[in-house]
Amino acid sequence: MSATDLVSCVLWVSWLAPETSLSVVKDIWQTSRQRNATLGLTGAVIFDGERFCELLEGPVLDISAVYRDVEADARHTGLRVLHISTGGAPRRQKQWCSGYCDASALDIFFDEAGLQGDAAASAFFELLPRCDLSP
Ligand SMILES: Cc1cc2nc3c(=O)[nH]c(=O)nc-3n(C[C@H](O)[C@H](O)[C@H](O)COP(=O)(O)O)c2cc1C
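The sequence shown begins at 6 in this note's numbering and counts up by one.
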């Protein structure tokens, strides 16, 4: 395996900001699709109608640059990082996608004893096949 196959990873959750139109979600999908493709970032962002859950994989500097913008983005609130890996692990998701999941599917990440760390990342990948996602 070459070094380029090894990536960093971050997983976070957040809430659509109060009084923010659902129409922003489509704009977020579009920006993410373009910028993540340019940077070679893969993973997925999922929305349940109220809450986001996103996992990004790629070069650590590119993840950091996107994360800084995401952190400052007023369209969501309550951003909480569940998992960071900078050690260089094999890329688990070959493409970027965005889409929707059932209303309760993200509860495992938001419960009081919500999943953290690599267990949260594994649960995220297990959830993806049950989501309605587009590249
Ligand atoms: C929940 C959420 C997830 C986002 N995910 C990404 C993403 O994966 N990649 C991305 O480029 N922008 C993402 N954005 C949008 C960024 O916050 C930012 O608006 C965008 O990167 C453009 O940045 P700029 O306006 O500084 O150029 C996300 C925003 C939100 C609210």
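Ideal placement from N, C-alpha and C gives every residue a C-beta, glycine not left out.
Nothing here was measured: the structure is a model prediction, and the numbers come from that model.
Buried versus exposed, by CB contacts within 10 Å (16 or more), residue i
i                 : result
arginine 56       : buried
leucine 11        : exposed
phenylalanine 130 : exposed
aspartate 32      : exposed
leucine 111       : buried
glutamate 76      : exposed
Near ligand 1: residue i beta-carbon under 7 angstroms from a heavy atom
i                : result
phenylalanine 57 : yes
histidine 88     : no
isoleucine 33    : yes
aspartate 53     : no
Same chain, Cβ closer than 8 angstroms to residue i, five either side skipped, listed in chain order
i              : result
tryptophan 101 : Ser37, Arg38, Asn41, Ala42, Leu46, Thr47, Gly48, Ala49, Pro140
methionine 6   : Unreliable positioning characterises methionine 6 in this predicted model, as indicated by a pLDDT of 47, which lies under 50. The coordinate reading is nonetheless provided below. Cβ within range, chain order: Pro95.
Cβ separation of residue i and residue j, assumed to be a contact under 8 angstroms, to the nearest whole Å
i           : j          : result
alanine 118 : leucine 87 : Not quite, the Cβ-Cβ distance comes to about 12 angstroms (not below 8 angstroms), so this is no contact.
Residue-level contact to chain B via CB, residue i, 8 angstroms cutoff
i          : result
leucine 60 : Protein chains in the displayed structure number just one, and chain B is not present.
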